[in-house]
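What follows is a single structure, written as structure tokens, with notes after it.
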Amino acid sequence: MPDGSTAVPIYGRLHLQGALTYLGDAQALQDMLPILCATLEKDVSAVTELLAQGERLAAAHCLHSLKGFVPVFCHEDLGAELAAVERLCRSTDAPGIDAAFAHLAPKLLVLAKEAAHYLAHPG
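In my numbering, the protein residues as written are 383 to 505.
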């Protein structure tokens with residue numbers, strides 16, 4: 383039974399309540415989510431290409447940028463995984479970076495899709 387309060391939708395990757403708390407208000411969230419979507423779509427593709435070319439440090443730089451703001455919008459486990467993959471990528475001799483990013487990339491794209499869904503269907 384509704385109690386008159388506004389419920390925040392629950393998503394698997396997008397942590398709306400955490401983002402609202404961090405950003406302070408719903409308008410700031412509405413303003414930032416399009417940037418999140420565009421950046422994730424662009425950067426996930428860029429990191430994929432950079433890793434395919436063996437450009438780990440350039441990929442790490444891109445991941446570092448994502449690590450700077452993506453955790454505002456996602457659940458803690460995804461932020462921790464992003465940080466771990468970025469650290470792995472910085473170590474040029476670390477094995478498993480391709481597999482680690484292949485595991486992370488779909489989660490980042492789901493985050494972008496959930497953010498886009500929220501923008502299309504707020505509240």
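Every residue gets a Cβ at the ideal spot worked out from N, C-alpha and C, and that includes glycine.
- Counting along the chain, residue 493 sits inside the alpha helix (DSSP H) bounded by residues 479-502.
- Burial of residue 493 is indicated by the presence of at least 16 other C-beta atoms within 10 angstroms of its C-beta.
- In the DSSP assignment, residue 435 falls outside any alpha helix (DSSP H) and carries neither an H nor an E.
- Around the beta carbon of residue 453, 16 or more other beta carbons lie within 10 angstroms, which makes this residue buried.
- A residue is called buried when at least 16 other Cβ atoms come within 10 angstroms of its Cβ; residue 499 does not meet this threshold and is exposed.
- Apart from sequence neighbours up to five positions away, no residue of its chain approaches residue 485 with a beta-carbon distance below 6 Å.
- Residue 398: member of the alpha helix (DSSP H) spanning 398-405, first to last residue.
- At the C-beta level, residue 470 and residue 482 come within 8 Å of one another.
- Listed in chain order, the non-local C-beta contacts of residue 430 below 8 Å within the same chain comprise 483, 487, local neighbours out to five positions each way being set aside.
- For the pair residue 397 and residue 457, the CB atoms are nearer than the 8 Å cut-off.
- Buried is the label assigned to residue 441, since at least 16 other Cβ atoms lie within 10 Å of its Cβ.
- The straight-line gap separating the alpha-carbon atoms of residue 478 and residue 438 is approximately 12 Å.
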